[in-house]
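Report on the following structure.
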Amino acid sequence: MIAKRDTALADTILFPRPEGLYCPLGDFYIDPVRPVERALITHAHADHARAGHRHVLASQQTLEIMAIRYGEDFTTHRQVAEGEIEIGDISVSFHPAGHILGSCQIRLIPKIGPRIIVSGDYTRTPNDICPPFTPLECEIFITEATFGIPVFRHPDPVEEIRKVIASMEEFPDRPHLIGGYALGKSQRLIRLLRQAGYDAPIGMHGALKRLTDYHIEQGVDLGELVHVDGVSGPRLCLAPPSAFSTPWVHRFRDPVIGYASGWMGVRARARQRRVELPLVISDHCDWPQLIQTIDDVSPEEVWITHGSEAGLLRWCELTQRPARPLRLVGYEEEDQ
Amino acid sequence: MKAFATLLERLAFTNGRNAKMQILRHYLQDTPDPDRGWALAAITGQLELRNIGPALLRRMIAERVDSELFDISYDFVGDLAETIALLWPEPSANRDISLTDAVGVLQSSSRNGQEIAALLDQLDKNSRLAVLKLGTGNLRLGLSARLARTILAQMSDPTLPEIEEIWHALSPPYLDLFAWLAGENAPTPDHQAPFRPVMLSTPTNLEELEKLPIADYQCEWKWDGIRVQLVSDQGVKRVYTRTGDDISAAFPDAIELMDFDGTLDGELLVGREGQIAPFADLQRRLGRKSVSRTMMAEFPAYLRVYDMLIWQGKDWRSEPLSARRAKLDSITFPSPAMDVSPLLSVTTWQDLADLRADPPLSVIEGVMIKNSASRYVGGRPRGPWFKWKRDPMLIDAVLLYAQTGHGKRSGFHSDFTFGVWRDEELVPVGKAYFGFTDEELRQLDKFVRKNTVERFGPVRRLKPELVVEVAFEGLNKSSRHKSGVAMRFPRISRIRWDKPAAEADHLSALEALL
Ligand SMILES: [Zn+2]
Ligand SMILES: [Zn+2]
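The listed protein sequences correspond, in order, to chains W and X. Quick note: the first sequence uses the numbering used here, first residue 0, plus one each step. Quick note: the second sequence uses the numbering used here, first residue 280, plus one each step.
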């Protein structure tokens with residue numbers, strides 16, 4: 000057991016700049032929103048992983064997904080994160096975050112001063128597509144707070160996906176279209192459908208193909224998938240949410256449109272989406288998981304970013320944990 | 280409770296009429312008695328369980344959740360019952376409670392809410408929301424009682440008219456109704472003077488009317504009162520609203536006037552010595568369970584009838600309107616406070632348009648056009664009856680205050696107070712929450728944010744610069760408002776970005792409309 004380190008130096012080790020979260024000891028940024036010399040990337044979602052950095056350090060899968068999305072020349076130097084890596088005067092390591100394929104939390108260990116974990120996006124809900132988030136020791140824990148309001152308690156995702164199957168029984172003549180973003184959510188939905196016992200072929204919108212094929216290459220068993228081209232598609236299809244406002248959807252007669260996101264847990268938000276079948280399925284922590292994680296990690300100080308900071312800050316205040324908001328700009332509302 | 284909660288959730292998110300009907304039909308087929316009866320009562324508005332108020336809700340949650348976390352949550356969710364359903368501690372075991380038991384708790388629970396809290400403690404999130412929506416009387420499903428009855432007719436042999444005929448004599452959980460649908464004997468209405476389904480009209484305009492032969496129609500004034508069904512059945516007398524609510528207790532003077540045997544369709548108004556009073560007078564008598572003698576003396580009931588369903592034991596509903604009208608005209612009502620609504624003598628639709636444009640009384644809110652051959656059919660059949668309401672009144676007012684909306688509009692300033700000039704100052708005359716498009720809502724919100732002078736909690740006082748055209752249906756004198764007037768159904772019909780505030784209307788212009 001290493002002695003707890005003094006947190007006073009934390010602000011000099013990691014702080015926000017317009018480009019993103021910056022570490023002067025190693026002269027790098029984490030998930031920068033503008034092109035920089037050296038970037039550490041937690042995961043391949045577009046607002047965290049952007050093209051145009053000169054050096055990119057990330058997990059093998061994150062690098063491969065970035066290459067699929069942005070082309071092989073998305074950066075000049077790629078480095079796969081493995082073990083402890085010295086960058087300048089600081090040591091960094093990547094650990095699973097449970098969010099999507101390749102997603103990581105990043106731990107920074109300076110020679111002097113507190114150990115800092117940047118969680119990136121993470122969840123504690125089991126997701127057999129990627130290894131689970133594990134709580135690690137640190138003095139400063141930077142957590143996302145996408146669902147940092149106590150009203151968010153995501154239900155069991157397998158129960159939630161059964162709503163799709165129940166609706167297909169209720170409306171056997173109507174095709175069912177489920178929206179979920181292309182990286183992570185779509186593949187997760189397929190896995191959940193398979194776990195719930197749905198083994199018929201599932202249709203895929205073209206925009207999901209490359210990333211889904213990559214999941215299959217990585218050994219994720221998704222069952223039989225078919226590309227939706229003609230009129231006689233399968234009864235159940237997945238599509239990116241943007242497809243529902245394009246003519247693509249016209250090929251289906253009177254479809255039941257569903258949408259999977261943690262935001263669907265609140266009716267007004269679900270209504271804004273104008274879908275018939277809101278599914279509360281998320282790859283982010285809900286409120287109990289955020290609290291559980293802070294409890295598990297038990298840092299000296301919590302920095303809260305990326306979502307609803309106020310709720311989590313209040314909880315930290317009530318439980319007498321030092322905490323503060325970390326205001327970063329350039330990230331979109333998550334779990335869309 | 281879980282099945283009912285799922286039903287509510289599905290209905291809330293399903294838009295298509297057919298899909299809604301299918302979901303409800305499946306539920307009614309799959310759910311045993313008496314749960315399905317209570318569910319039917321809840322979604323058709325037959326269950327009066329408004330015993331959970333906002334104050335009780337807030338008190339219950341304050342005992343369980345930190346007030347600051349509650350505020351953050353409510354601000355995000357925008358609906359009090361939903362916020363509480365989501366924040367309530369999860370049950371330790373996964374159990375289910377029948378809807379019947381939950382309704383029992385809601386019907387009997389005391390003011391302090393302990394029984395309701397104990398019920399919520401045993402339920403999952405969706406079921407908690409269903410209970411709270413039931414208890415606050417706030418289901419809002421967009422599913423009419425008539426649609427529900429249509430589904431019942433689809434499920435079995437009895438036809439929709441047969442079900443409608445006895446509907447108001449039934450009470451939840453409708454065991455006799457479901458037994459009838461399953462092939463047993465029809466329930467017999469157990470009380471006299473039953474309510475019969477009312478015939479409703481659809482809106483029209485001059486262009487549509489021009490396509491119709493005027494000779495086939497009879498025209499009447501449209502009275503701005505309360506549509507009532509007057510039933511006098513072997514000495515039992517009742518006044519029903521058009522939805523079948525019995526309001527006899529609030530209008531004993533109307534009951535007094537009903538010296539006949541039959542079922543008549545007409546308008547409840549206030550009138551003195553053969554003169555009909557404005558709607559504002561009638562409004563003084565609304566919303567009361569009983570009525571004082573002075574109230575009745577000052578605002579006496581007046582009945583103006585225009586149709587006949589049953590007369591002295593004979594059912595006239597399948598007769599043509601012309602025959603019903605002839606019969607009605609042959610009757611002399613003994614009291615001067617009850618008469619038959621006159622027919623308008625018009626030979627062209629333009630004649631009718633002229634009458635509509637300049638009615639003799641302010642209590643006339645337009646004209647009715649009815650096919651003389653029409654039979655009396657409950658519900659809103661398309662075609663035989665039309666209403667052509669007068670144009671709304673308009674004023675130009677200045678936006679004075681704004682407040683953010685809830686739900687879909689949370690985050691937008693969508694509740695506005697507007698005012699007009701009185702000498703050199705602007706006095707508030709009303710509030711409007713709608714009338715604008717989503718795009719206009721965004722523009723208004725932007726204006727509010729840029730032009731806030733002062734903030735009191737959620738309310739912003741605005742620089743008095745933006746003129747809006749406000750449409751409204753009528754105007755009443757009001758002692759509660761500083762301006763002395765209260766508008767009916769005001770909404771923002773146009774944003775006058777072009778018009779300077781100095782050119783907004785004066786209070787005297789409004790007073791002239793009184
Ligand atoms: Zn992400
Ligand atoms: Zn993120």
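Cβ atoms here follow ideal geometry from the backbone N, Cα and C, with glycine treated the same way.
Give the DSSP-derived three-state secondary structure of residue i in the structure shown.
| i | result |
| --- | --- |
| residue 464/X | coil |
| residue 543/X | strand |
| residue 90/W | strand |
| residue 441/X | helix |
| residue 404/X | helix |
| residue 297/X | helix |
| residue 310/X | coil |
| residue 446/X | helix |
| residue 434/X | helix |
| residue 0/W | Model confidence at residue 0/W stands at a pLDDT of 42, short of 50, so the residue's coordinates are unreliable and nothing is read from them. |
| residue 279/X | Outside the displayed range of chain X (280 to 793) lies residue 279/X, so it cannot be described from this structure. |
| residue 15/W | strand |
| residue 354/W | Absent from the model: residue 354/W. The displayed extent of chain W is 0 to 335, so no value can be given. |
| residue 459/X | helix |
| residue 125/W | coil |
| residue 482/X | strand |
| residue 237/W | strand |
| residue 317/W | helix |
| residue 782/X | helix |
| residue 603/X | helix |
| residue 497/X | strand |
Can you find a heavy atom of ligand 2 that lies under 6 Å from the Cβ of residue i?
| i | result |
| --- | --- |
| residue 120/W | yes |
Say the cut is 6 Å; is the CB of residue i nearer than that to a heavy atom of ligand 1?
| i | result |
| --- | --- |
| residue 44/W | yes |
Over the uninterrupted alpha helix (DSSP H) stretch that includes residue i, give me the two end residues.
| i | result |
| --- | --- |
| residue 636/X | 628-636 |
| residue 511/X | Counting along the chain, residue 511/X falls outside any alpha helix (DSSP H), though it belongs to the beta strand (DSSP E) covering 505-512. |
| residue 379/X | 378-387 |
| residue 362/X | 359-366 |
| residue 666/X | Here residue 666/X belongs to no alpha helix (DSSP H); instead the beta strand (DSSP E) covers 664-668. |
| residue 333/X | 333-341 |
| residue 394/X | 393-399 |
| residue 534/X | 531-536 |
| residue 572/X | 572-577 |
| residue 560/X | 558-562 |
Return the first residue and the last residue of the beta strand (DSSP E) that residue i is part of.
| i | result |
| --- | --- |
| residue 226/W | 224-226 |
| residue 586/X | 580-590 |
| residue 677/X | 672-683 |
| residue 356/X | No beta strand (DSSP E) contains residue 356/X, which is instead part of the alpha helix (DSSP H) from 346-356. |
For residue i and residue j, I'd like the C-alpha separation in whole angstroms.
| i | j | result |
| --- | --- | --- |
| residue 31/W | residue 42/W | 12 Å |
| residue 354/X | residue 669/X | 40 Å |
| residue 495/X | residue 663/X | 10 Å |
| residue 211/W | residue 223/W | 12 Å |
| residue 509/X | residue 476/X | 12 Å |
| residue 692/X | residue 651/X | 49 Å |
| residue 455/X | residue 466/X | 6 Å |
| residue 100/W | residue 28/W | 22 Å |
| residue 554/X | residue 723/X | 45 Å |
| residue 447/X | residue 320/X | 12 Å |
| residue 515/X | residue 531/X | 13 Å |
| residue 72/W | residue 17/W | 25 Å |
| residue 604/X | residue 556/X | 25 Å |
| residue 124/W | residue 97/W | 8 Å |
| residue 250/W | residue 305/X | 28 Å |
| residue 682/X | residue 739/X | 6 Å |
| residue 524/X | residue 187/W | 52 Å |
| residue 577/X | residue 345/X | 52 Å |
| residue 294/X | residue 275/W | 7 Å |
| residue 352/X | residue 148/W | 6 Å |
Item to complete: Scan the segment 697-773 of chain X and note each continuous beta strand (DSSP E) run of 3 residues or more that stays entirely inside, going in chain order.
Response: Runs of the beta strand (DSSP E) lying entirely within the segment 697-773 of chain X and spanning at least 3 residues, in chain order: 704-711, 731-735, 738-741, 746-751, 753-756, 764-767.
Worksheet item: What are the start and end residues of each continuous beta strand (DSSP E) run of 3 or more residues lying completely inside the segment 131-194 of chain W, in chain order?
Response: Fully enclosed beta strand (DSSP E) runs of 3 or longer: 139-144, 175-178.
Item to complete: List in chain order: all unbroken alpha helix (DSSP H) runs of 4+ residues lying wholly within the segment 245-292 of chain W.
Response: 266-271, all fully within the segment 245-292 of chain W.
Fill in: beta strand (DSSP E) segments (min. 3 residues) lying fully within the segment 49-125 of chain W
Counting only runs that start and end inside the segment 49-125 of chain W, the beta strand (DSSP E) elements of at least 3 residues fall at 54-57, 76-79, 84-86, 89-95, 103-109, 115-117.
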